[in-house]
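Undergrad:
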Amino acid sequence: MDSFSNPDKPLLEALYAAQQIAFAPVVFQACRALVKLGILDALGGSRDGLTIDETAHRTNLSAYGVQILLEVGVVAGVVRELWREGEARRYQPTKTGECLTHDEMTRTNVDFVNDVCYRGMARLEEAVVSGAPAGLSEFGRWKTIYPALSSLPEPARTSWFRFDHFYSDAAATAALQLIETLSPRTLLDIGGNTGRWAQRCLAANPALHITIVDLPEQIRLARSNAELEGVRDRIDLLAIDWLDPEARLPANLRPDVIWMSQFLDCFSGVQTESILRRVRAAMSAAAKLVILEPLWDRQRHPAAAFSLVCTSTYFTAFANGQSRMFRYDELRRHIDAAGLQIESEQHNVGISHSLLLCSCREEADRHVESSGFRDSG
Numbered sequence: 092m093d094s095f096s097n098p099d100k101p102l103l104e105a106l107y108a109a110q111q112i113a114f115a116p117v118v119f120q121a122c123r124a125l126v127k128l129g130i131l132d133a134l135g136g137s138r139d140g141l142t143i144d145e146t147a148h149r150t151n152l153s154a155y156g157v158q159i160l161l162e163v164g165v166v167a168g169v170v171r172e173l174w175r176e177g178e179a180r181r182y183q184p185t186k187t188g189e190c191l192t193h194d195e196m197t198r199t200n201v202d203f204v205n206d207v208c209y210r211g212m213a214r215l216e217e218a219v220v221s222g223a224p225a226g227l228s229e230f231g232r233w234k235t236i237y238p239a240l241s242s243l244p245e246p247a248r249t250s251w252f253r254f255d256h257f258y259s260d261a262a263a264t265a266a267l268q269l270i271e272t273l274s275p276r277t278l279l280d281i282g283g284n285t286g287r288w289a290q291r292c293l294a295a296n297p298a299l300h301i302t303i304v305d306l307p308e309q310i311r312l313a314r315s316n317a318e319l320e321g322v323r324d325r326i327d328l329l330a331i332d333w334l335d336p337e338a339r340l341p342a343n344l345r346p347d348v349i350w351m352s353q354f355l356d357c358f359s360g361v362q363t364e365s366i367l368r369r370v371r372a373a374m375s376a377a378a379k380l381v382i383l384e385p386l387w388d389r390q391r392h393p394a395a396a397f398s399l400v401c402t403s404t405y406f407t408a409f410a411n412g413q414s415r416m417f418r419y420d421e422l423r424r425h426i427d428a429a430g431l432q433i434e435s436e437q438h439n440v441g442i443s444h445s446l447l448l449c450s451c452r453e454e455a456d457r458h459v460e461s462s463g464f465r466d467s468g
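Each step along the sequence shown adds one to the number in my numbering, with nothing skipped, and position 202 is 293.
1. Taking just the CA atoms, how far does alanine 410 sit from methionine 351?
2. Counting C-beta neighbours from all protein chains within 10 Å, is the total for leucine 102 16 or more, i.e. buried, or is it exposed?
3. Three-state secondary structure (DSSP) at threonine 235?
4. Among the candidates Ala167, Leu131, Ser137, whose CA atom is the shortest distance from the CA of phenylalanine 114?
5. Examine the Cβ distances between the stretch 187–195 and the stretch 224–239 and report whether three or more of them are shorter than 8 Å.
6. Is it right to say glutamate 384 is buried, meaning 16 or more other beta carbons lie within 10 angstroms of its own, or is it exposed?
7. For glutamine 290, which residues of its own chain have a beta-carbon under 7 Å away from its beta-carbon, when the five flanking residues on both sides are left out?
8. Reducing DSSP to helix, strand and coil, say where leucine 131 ends up.
9. Under the three-state reduction of DSSP, which class applies to tyrosine 405: helix, strand or coil?
10. Mapping the DSSP letters down to three states, classify glutamine 111 as helix, strand or coil.
11. Report yes if the CB atom of aspartate 347 is closer than 8 Å to the CB atom of proline 275, and no otherwise.
12. When you compare the CB positions of phenylalanine 354 and isoleucine 270, do they come within less than 8 Å of one another, or not?
13. Which of the three DSSP states, helix, strand or coil, is assigned to valine 118?
14. In chain order, what residues of the same chain have a beta carbon less than 6 Å from the beta carbon of alanine 295, not counting five sequence neighbours either side?
15. Hey, arginine 368 and glycine 430 are a contact pair by Cβ (cut 8 Å); roughly how many whole angstroms apart?
16. Just to confirm the assignment: which complete alpha helix (DSSP H) runs, minimum length 4, are found wholly within the stretch 141–206?
17. Please list the terminal residues of the continuous beta strand (DSSP E) segment that includes aspartate 327.
18. DSSP three-state label for methionine 212, please.
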């Protein structure tokens with residue numbers, strides 16, 4: 092049975108689950124307020140829990156406001172209520188409440204949803220119908236979010252980059268190990284953004300030269316990134332808009348390794364295939380393509396899969412209206428159609444990523460022996 096649904100759920104249980112969906116935006120904002128107003132922190136600092144009045148005093152809030160939020164927290168499973176007859180009710184955070192206050196992934200996701208997605212997500216239905224990111228109008232008039240990233244208002248800009256970096260940074264160690272195994276002299280970082288990954292690669296390999304490829308707006312961010320000052324002599328910057336079907340890599344670029352991190356999920360399946368074909372045309376017979384992507388059906392636990400599937404709605408409503416988080420077989424099909432083959436793969440890298448090592452199909456019989464990788468079969 093599919094672990095994400097249960098058709099045999101009793102009616103009252105199903106009805107309760109339906110109300111959780113109906114009031115999910117309310118619960119989200121109430122739980123966020125429990126964190127932002129310091130209520131969960133106050134409760135967590137008390138071994139025996141706090142009454143409503145004690146919580147109100149410690150947080151400098153009204154007893155009314157505290158009670159409203161605590162009662163939502165109780166029905167949401169974020170707060171537990173302790174009560175004995177004749178005594179005032181006391182409250183403590185549950186394990187879920189502790190995740191909201193102390194787990195970095197949860198806090199990153201909450202800020203991303205609130206600051207980037209929340210208001211514009213009301214236009215998700217329109218985005219699905221039109222195939223365009225209707226929610227992006229919340230921030231301005233752009234066709235996709237990517238040229239807008241440097242212009243997003245705060246706190247949306249900070250929350251977007253924190254979300255992006257949190258997941259990619261967690262996979263950096265394994266990714267760097269693979270790059271080291273391949274021993275490239277030149278690397279093409281497609282979708283290199285601000286140059287954060289390039290800087291880490293260059294610091295690890297003094298002989299490496301990197302070309303960062305991205306939209307003109309992102310190239311400007313990389314050009315002004317102070318963290319790259321010590322390695323600028325080993326970086327070239329190249330502006331390409333891959334949505335232009337005629338966009339090609341320069342013929343004189345023949346990198347040893349091409350790197351794509353959280354890049355292909357920014358495009359529709361047709362666009363992904365087109366990009367991979369154009370990249371394949373620029374590869375020498377010995378070149379390798381390394382893809383780092385979160386594949387939602389290759390997660391180690393349901394919480395990660397749930398988060399990734401829901402993140403696909405961000406791509407629909409804000410990013411471009413056409414892309415999503417891939418399943419493994421979908422991405423593999425696009426790779427194969429582009430004349431490439433997955434030589435080896437590693438899943439559950441960092442928090443949620445899969446690391447795929449690809450080569451041109453005529454080179455597919457030359458399996459690359461890479462530590463920690465298994466033949467994809």
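We put the CB at the ideal spot given by N, CA and C, even for glycine.
TA: Walking through what the data contain:
1. Sequence index remark: in the sequence shown, residue 351 carries index 260 (1-based). Sequence index remark: in the sequence shown, residue 410 carries index 319 (1-based). Taking the Cα positions, methionine 351 is about 18 Å away from alanine 410.
2. Here residue 102 corresponds to residue number 11 of the sequence shown, with the count starting at 1. Under the 10 Å beta carbon count, leucine 102 is surrounded by fewer than 16 other beta carbons and is classified as exposed.
3. Start at 1 with the first residue of the sequence shown, and residue 235 comes out as number 144. It is coil, neither helix nor strand.
4. By 1-based counting over the sequence shown, the position of residue 114 is 23. For the set Ala167, Leu131, Ser137, the Cα lying nearest the Cα of phenylalanine 114 is the one of Ala167.
5. Contact fails between the stretch 187–195 and the stretch 224–239, because fewer than three Cβ pairs, one in each stretch, are under 8 Å apart.
6. As a first step, residue 384 must be located in the sequence shown, where it is residue number 293. In this structure glutamate 384 is buried. Its beta-carbon is surrounded by 16 or more other beta-carbon atoms within 10 angstroms.
7. Start at 1 with the first residue of the sequence shown, and residue 290 comes out as number 199. Only Glu318, Leu319, Val322 meet the Cβ criterion.
8. In the sequence shown, counting from the first residue as 1, residue 131 sits at position 40. Secondary structure at leucine 131: helix, using DSSP grouped into helix, strand and coil.
9. Locating residue 405 in the sequence shown gives position 314, counting from the first residue. DSSP places tyrosine 405 within a helical segment (H, G or I) once states are collapsed to three.
10. Looking up residue 111 in the sequence shown gives position 20. In the displayed model, glutamine 111 falls within a helix according to three-state DSSP.
11. The residue labelled residue 347 in the question sits at position 256 within the sequence shown. The residue labelled residue 275 in the question sits at position 184 within the sequence shown. A distance below 8 Å separates the beta carbons of aspartate 347 and proline 275.
12. Residue numbering aside, residue 354 sits at position 263 when the sequence shown is read from its first letter. Residue numbering aside, residue 270 sits at position 179 when the sequence shown is read from its first letter. No.
13. Along the sequence shown, one-based indexing puts residue 118 at 27. Three-state DSSP puts valine 118 in a helix.
14. One-based indexing of the sequence shown puts residue 295 at position 204. Listed in chain order, the non-local C-beta contacts of alanine 295 below 6 Å within the same chain comprise Leu267, local neighbours out to five positions each way being set aside.
15. Here residue 368 refers to the residue found at position 277 of the sequence shown. Here residue 430 refers to the residue found at position 339 of the sequence shown. Yes, arginine 368 and glycine 430 are in contact; Cβ-Cβ is about 7 Å, under 8 Å.
16. Here the runs fully enclosed are 143–150, 154–166, 186–193, 195–203.
17. Indexing the sequence shown from 1 puts residue 327 at position 236. Per DSSP, aspartate 327 is one residue of the beta strand (DSSP E) stretching across 326–330.
18. To locate residue 212, count along the sequence shown from 1; it is residue 121. It is helical.
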